[in-house]
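Note that my numbering has the sequence shown beginning at 1, numbered continuously upward. Just so you know, even glycine gets a beta-carbon here, dropped at the ideal spot from N, CA and C. Being a predicted model, the structure only gives us computed values, none of them experimental. Everything on this sheet refers to the single structure shown next.
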Amino acid sequence: MVRPAGIRMVLALTALVGLAAPIAAGPFTPVKIVNDQAITQFEYEQRLLFMQLLRQPGDLEKAAMDTLVDDRLRMSAAKQFGVKMSPERLKTGMEEFASRANLTADKFIAIIGEAGVQPETFRDFVEAGLVWREIIRGKYAPTVSISETQIDRALANGRPLVALQVRLSEIVIPAVGAGRDAALQKADHLRLLLRGGQDFAALARQNSSAASAVRGGALDWMLLTQLKPDAAAAVRGLAPGAVSAPVVLDDSVVIYQMQEQKQELTKPAGIVVDYATYLVPDDGTSAAKLRSQVDTCADLYGAAKGTSADRLTRQTVPQGQVPSDIAGALSLLDAGETSTAVTRGGWRVFLMLCRRGPPETELPSRDEVKLQLTNQILGAQADIYLEELRSEAMIRTP
């Protein structure tokens with residue numbers, strides 16, 4: 001789905017109000033046929049105007065048609081797999097999209113409507129993205145398995161440097177001592193009310209003991225890792241609008257509602273390099289023999305057992321403080337790789353990169369890395385599947 005450019009988009013929308021070109025004669029004339037489904041001139045002009053309002057880069061005339069064709073293919077796949085969006089889920093998706101510009105869905109629709117974009121254009125755009133997400137998750141997520149080794153490698157190489165951020169609402173119920181059971185019962189009752197359609201914000205104002213109650217329980221954006229582990233586990237997999245199970249914290253029971261989540265690049269203070277050097281005889285064979293015995297920096301400790309302590313050194317330093325000859329060799333390595341390009345006196349330096357990236361305190365959690373690696377794989381699978389649908393489709397211009 002196309003991401004709007006925040007508040008700058010609001011200014012763009014306002015500036016473009018009234019600039020929509022009049023619909024040409026025959027607005028419902030088909031301009032493209034995708035299998036047996038027509039894309040009309042009206043739909044094309046609406047999508048083009050919508051993309052202009054979002055300030056999308058590139059050839060917008062081509063992009064407008066291409067995305068309409070792709071959306072037809074996505075919706076056809078949704079029909080094949082029986083994937084449908086409920087009105088509530090669609091409404092949540094529209095709210096999520098509009099919130100990226102700090103707008104409600106109704107306000108967003110009002111602004112684009114003044115520029116000539118119909119509400120149905122926005123709704124159809126969001127719906128195609130939502131069903132496609134569900135299709136890809138259902139079709140490929142069960143086959144994706146991220147190993148601990150893959151997570152270790154991603155962390156060791158300083159990639160991916162992203163963190164999951166969440167925007168939540170909360171209802172906090174005091175639960176001290178014997179009052180915990182009563183708090184859990186109250187939390188379960190509130191969840192039943194929420195399932196029955198009652199508004200989370202209204203219930204938060206009436207029942208929450210937290211300072212956020214006056215805001216309907218709304219919290220600011222935060223890193224998922226800022227939550228306590230039990231709370232993070234409870235909200236991590238929630239879709240926008242979904243409500244967590246009650247979470248028992250130190251002196252309270254909390255219900256969370258997911259408003260929105262996003263992944264953003266972290267901003268580390270600097271890059272550090274964790275590396276090991278082990279001095280081996282410069283005889284042409286010792287380094288090769290050692291390489292066959294070790295896979296990680298931790299393995300070097302076993303290999304060095306029984307030798308003098310000064311032969312093995314491991315250190316973590318800012319990247320700019322690595323000696324120049326070592327830094328040059330390290331720049332060519334990924335974590336776990338080795339180099340023997342450097343010598344010291346009569347010794348060959350067996351050099352291994354242990355990790356390169358931000359300080360460990362700034363690393364994303366293992367769960368966050370796993371989620372991103374999973375999303376990378378699903379994104380690649382989505383691209384491949386969409387290309388398959390394009391190649392199999394009958395796409396023609398009338």
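(request) Might you give, ordered along the chain, the residues of its own chain that have their beta carbon closer than 6 Å to the beta carbon of D251, omitting 5 neighbours on each side? (result) Counting from 1 along the sequence shown, the entry for residue 251 is found at position 251. The answer, listed in chain order, is V176.
(message) Using the Cβ count rule (16 or more neighbours within 10 Å means buried), how would you classify L73?
(response) Here residue 73 corresponds to residue number 73 of the sequence shown, with the count starting at 1. With 16 or more other Cβ atoms within 10 Å, it is buried.
(request) For the alpha helix (DSSP H) holding A202, just list the boundary residues, first then last. (result) One-based indexing of the sequence shown puts residue 202 at position 202. Here the alpha helix (DSSP H) through A202 covers F200 to N207.
(message) Tell me whether the stretch 276 to 283 and the stretch 237 to 257 touch, counting them as touching only if at least three CB pairs, one residue from each stretch, are closer than 8 Å.
(response) no
(message) With DSSP as the reference, identify every bridge partner of Y385, one or two as the case may be.
(response) For the purposes of this step, residue 385 is taken as residue 385 along the sequence shown, with counting starting at 1. According to DSSP, Y385 bridges with nothing at all.
(message) I need the straight-line Cα distance from V294 to S391, nearest angstrom please.
(response) Counting from one through the sequence shown, the residue named residue 294 turns up at place 294. Counting from one through the sequence shown, the residue named residue 391 turns up at place 391. So the alpha carbons of these two residues sit roughly 47 Å apart.
(message) By the three-class DSSP mapping on this structure, what secondary structure does T313 have?
(response) Here residue 313 refers to the residue found at position 313 of the sequence shown. The answer is strand: DSSP assigns T313 an E or B state.
(message) Quick check on DSSP: helix, strand or coil for L103?
(response) Within the sequence shown, residue 103 is the residue found at index 103, counting from 1. In the structure shown, L103 sits in coil (DSSP, three-state: anything other than H, G, I, E or B).
(message) In the DSSP output, what is V166 paired with across the bridge?
(response) Walking along the sequence shown from the start, residue 166 turns up at place 166. Paired residues: M222 and Q261.
(message) Please report the straight-line C-alpha distance between L373 and A178, rounded to a whole angstrom.
(response) Numbered from its first residue, the sequence shown carries residue 373 at position 373. Numbered from its first residue, the sequence shown carries residue 178 at position 178. Those two C-alpha atoms are separated by around 43 Å.
(message) Across the stretch 208 to 223 and the stretch 188 to 196, are there enough close Cβ pairs to call them in contact, namely three or more that are closer than 8 Å?
(response) no
(message) For D66 and Q261, what's the separation of their Cα atoms in angstroms?
(response) Residue 66 sits at position 66 when you count from the first residue of the sequence shown. Residue 261 sits at position 261 when you count from the first residue of the sequence shown. So the alpha carbons of these two residues sit roughly 28 Å apart.
(request) Label P399 either buried or exposed according to how many other C-beta atoms from any shown protein chain fall within 10 Å of its C-beta, with 16 as the threshold for buried. (result) Given a span of 1 to 398 for the chain in the structure shown, any question on residue 399 remains unanswerable.
(message) Beta-carbon within less than 7 Å of S308's beta-carbon, same chain only, minus the 5 sequence neighbours each way: which residues are those?
(response) The sequence position of residue 308 within the sequence shown is 308, counting from 1. Answer for S308: no residue qualifies.
(message) Restricting to Cα atoms, I'd like to know which of Q165, R180, L227 and A182 is closest to W221.
(response) Stepping through the sequence shown from its first residue, residue 221 is reached at position 221. W221 has its Cα closest to that of Q165, out of Q165, R180, L227 and A182.
(request) Pull up the distance between the alpha-carbon of M1 and that of D36, whole angstroms please. (result) By 1-based counting over the sequence shown, the position of residue 1 is 1. By 1-based counting over the sequence shown, the position of residue 36 is 36. Interpretation of M1 is limited by its pLDDT of 44, a score under 50 that renders its predicted location unreliable; the figure taken from the coordinates is listed afterwards. C-alpha separation (whole angstroms): 24 Å.
(message) Could you tell me the alpha carbon to alpha carbon distance between A393 and A78, rounded to whole angstroms?
(response) By 1-based counting over the sequence shown, the position of residue 393 is 393. By 1-based counting over the sequence shown, the position of residue 78 is 78. Rounded to whole angstroms, A393 to A78 spans 15 Å at the Cα level.
(request) Confirm, please, whether the CB-CB distance from T316 to D383 is below 8 Å. (result) Locating residue 383 in the sequence shown gives position 383, where the first residue counts as 1. Locating residue 316 in the sequence shown gives position 316, where the first residue counts as 1. No, they are not a contact pair.
(message) Please list the terminal residues of the continuous alpha helix (DSSP H) segment that includes I271.
(response) In the sequence shown, counting from the first residue as 1, residue 271 sits at position 271. Where I271 is concerned, there is no enclosing alpha helix (DSSP H), given that its DSSP letter is neither H nor E.
(request) Would you kindly check if the distance between the Cβ of R366 and the Cβ of I33 is under 8 Å? (result) One-based indexing of the sequence shown puts residue 33 at position 33. One-based indexing of the sequence shown puts residue 366 at position 366. No. Outside cutoff.
(message) Measuring only the C-alpha atoms, how far is K62 from A288?
(response) Residue 62 sits at position 62 when you count from the first residue of the sequence shown. Residue 288 sits at position 288 when you count from the first residue of the sequence shown. About 56 Å.
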